[in-house]
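If you're matching positions, the sequence shown starts at -10 in the working numbering and goes up one per residue. Each residue gets a CB set at the ideal place from its N, CA and C atoms; glycine is no exception. On a predicted model such as this, the values are computed, not experimentally measured, just so you know.
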Amino acid sequence: MLRKFWHRYFIVCLLATLCIEGWGQKSDNSPQSNTMLANLLFEQKEFAKAVLFFEDIVETNPDDETSYQRYLRCLVVLNEQEKAIKFIKKRIKKSTRPLPYVIDECWVNTTFPSSNLDKKYAERSQELLNLILEKIRPDANAHLFVSKRFDEHQLKEFAIKTLEQADLVFENIPEISNQLAFLYMETGDRMSGLGEYSNMMIYNGLPFESIKPILEIHITDSIDFIVFQRILIEQIQENPEITALSEGLKWTFIKQENWSSAFLYTRSLDKRLKENGSRVFELGGICISNKAYLVAIQCFEYCVSLGETGFNWLQCQAMLIETKYDYYSSNTASIAEIVDLKTQMTKFEKENGPQEATIPIAIKLATLYAQNDSLFTSKTASGIVTGFDMAEQLLRRYLAGESNPSLGTSKIDPGSNERSSFPYVLKKTATANVKIALGDILLAAGDVWTSELLYAQVEKDFKEEELGQFAKFKRAELSFYRGDFDWASMQLDVLKSATTQLISNDAMELALVIIDNLGIDSNYLALNWYGKALLAEKQHHFKTAFLYLDSINVSFPGHALSDEILFIRARIKETTKNYVEAASLLETLSIAYNFDILADNALYKLGLLYAYKLNDSSKAMERFEKLIETYGSSVYIVDARREYRKIRGY
């Protein structure tokens, strides 16, 4: 209240000053002072005072459009419509271009208070509208001007009628169609609005890309998408040659995450336009981004089926294999599926040799070997060869061009059918990616020292770049596992401002674990055991990991690490396919530690478990919904919304 008082006091003082100056020195910019004062009063909603100033201004300066409009609005607010109409009629008589004033008179006739708004005013406004439409110059710009003027007065129905007339007289003018569609959407006539947008593709010949930004704004719910789809399907049947319509239909399916329908229409369009798979390849990438792996596989299978003459055939083969790997990594794969995938990857890698397209396949193949170490372990003439050995050999072959003796050599020699070195020299970024992958595999195999050396090399080569930051985080994690918490904490502090959000978030989470738990016990034993448990998990020594985690619970009951321990135990249970136990642990975490940093993680993981492992869609939706409602700033919020929509149906 006090603030409001001083605000009004300031206005009164300013008005008094201006009035004194205006009255005492009429020759000194008096019109400008009056205009400024009138506008100030208008903005403060002091209409009764403002109208007195505007009345003088519009008489002395009839070309001042802003003052004219504000004068009319003051009269309307003060219920002096009759006075406003008389004033407008004077303007009409004097003007050589009376149309804008006729529009204003039409508007004023619609503003009478409901108690006074009898039939004659409504009829008069309709008469004026008809007169305007009859007398308007036969020109598209004139119709656009009149429509805009009506729209400014919030007479949207009149604005629509003006443009509907223009649409009949002047065919195929995008500006008219666009404005008409916009007004339809604003007034809630979604069917007409969306129909007008589709007509712009047919009659104006506009590509879908030019209309898409407008649709992104106006189509806000599933009903709009359904209506637009029906309109497009009907128009595609009548105009199959207009590709913009099919592109629009594909877009609606993508926005609804109806990936199967998007694939069918994209493939149909690709065949019709003889694009050799380029459009379908692009859709495959979109599907991967949204984790719709099965439809992405369909996309790349179609592209591969086109043969060597198809769009980027080698890349399509690589993407097909990579997508299968991603799908099996996020879902439970059978031994037969893993072996079949390994066969496809090996075949592709051998047939195509070292090049940009094969490097991601080689990295994923090596990871597949390491993750399924026991499955791929076999006896050879030179002894036991494990999955880790095969992974290491494969990646070292790709690094052979570097000739770096500090990396050591693989414990197995290439067979007669294997290349021991390649003529291909890896690009710097590709080399770094291979080194990080090899570092991860060696860490899992127990060679921590070489793993850190590889990470350090990448960090050095890409100091200020994302790859370097990723390698630095890997080194910080290693230091944490070894119990060097001070050094790890220093590196993590640097990474909190990393350019990549994911690295930054991971760094903050690990840094918080250190900050929250250092000093709780004088010898940091609990934190040390926790680091060792994480390393044991990385190396798939799950019994050892559980021993360390159990030791913390027994020796330090109620420790601050209790929520992290639950989370790691759940993660191990999921890795070993004990999904019910994993879900139970995550449920405990999400309830008992709902205030802690891992609560949103737990809910997101629970949603995924129920959706894809335990086949309980209802519980999955509940967990995603709780995450969305309770943890609005969570890094999982976008993914949770997508998963929720996917289960519910858009």
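Assigned with DSSP and collapsed to three states, Leu144 falls in coil, not helix or strand. In the three-state scheme derived from DSSP, where H, G and I count as helix and E and B as strand, Thr369 is classed as strand. Leu431 is classed as buried because its beta carbon has at least 16 other beta carbons within 10 Å across all chains shown. Distance check between Lys608 and each of Ala572, Leu152, Thr366 places Ala572 closest, using alpha-carbon atoms only. Checking the DSSP bridge columns, you'll see Val135 has no partner listed.
Inter-residue distance for Met174 and Leu204 is about 10 Å (C-alpha atoms, whole angstroms). Straight-line spacing of the CA atoms in Gln224 and Asn279 works out to 29 Å. With fewer than 16 other Cβ atoms inside 10 Å of its own Cβ, Pro202 counts as exposed. About 5 Å separates the beta carbon of Tyr57 from that of Val47, a gap short enough to meet the 8 Å contact definition. In this model, Leu117 and Asp128 are separated by some 19 Å (Cα to Cα).
Three or more Cβ pairs drawn from the segment 263 to 275 and the segment 287 to 306 lie within less than 8 Å of each other, which places the two stretches in contact.
Between Met479 and Ile636, the alpha-carbon positions lie close to 42 Å from each other.
Boundaries of the alpha helix (DSSP H) around Leu514: 514 to 527.
For Leu550, the secondary structure class from DSSP, reduced to helix, strand or coil, is coil.
Taking the Cα positions, Asn167 is about 21 Å away from Lys239. As DSSP reads the structure, Val374 sits in a beta bridge with Ser367. When rounded, the separation of the alpha-carbon atoms in Thr347 and Glu198 is 34 Å. Nearest neighbour of Lys75 by Cα position, chosen from Asp93, Asp362, His529, turns out to be Asp93. Our two residues, Asp450 and Ser493, have alpha carbons roughly 20 Å apart in a direct line. In the DSSP annotation of this structure, Asn98 is not part of any alpha helix (DSSP H), being labelled neither H nor E. The shortest C-alpha to C-alpha distance from Phe474 to any of Leu442, Gly435, Ala515, Ala445 is the one to Ala515. For Arg612, the secondary structure class from DSSP, reduced to helix, strand or coil, is helix. Between the segment 224 to 233 and the segment 244 to 253, the count of Cβ pairs shorter than 8 Å is below three; the stretches do not touch.
For Gly182, the enclosing alpha helix (DSSP H) starts and ends at 179 to 191. Residue burial annotation: Asp52 is exposed, with fewer than 16 other C-beta atoms found within 10 angstroms of its C-beta.
About 15 Å separates the beta carbons of Gln360 and Gly435, which is beyond the 8 Å limit, so they are not a contact pair.
In the DSSP assignment, Asn542 falls within the alpha helix (DSSP H) that extends over 531 to 544. Each residue's CA atom was taken as its position, placing Lys521 and Pro546 some 19 Å apart. Taken in chain order, the whole alpha helix (DSSP H) runs of length 4 or more contained in the segment 405 to 454 are 417 to 434, 437 to 450. In the structure shown, Phe584 falls within a coil segment according to DSSP collapsed to helix, strand and coil.
Taking every protein chain shown into account, the CB of Pro196 has fewer than 16 other CB atoms within 10 angstroms, so this residue is exposed. Phe217 sits close to Thr241, with the two beta carbons spaced by under 7 Å. The Cβ atoms of Ala591 and Leu578 sit closer than 7 Å to each other. Scanning the segment 206 to 246 from its first residue to its last, the whole alpha helix (DSSP H) runs of 4-plus residues come out as 211 to 227, 232 to 244. Take Tyr192, set aside five residues on each side of it, and the residues of its chain with a beta-carbon closer than 6 Å to its own are Asn161, in chain order.
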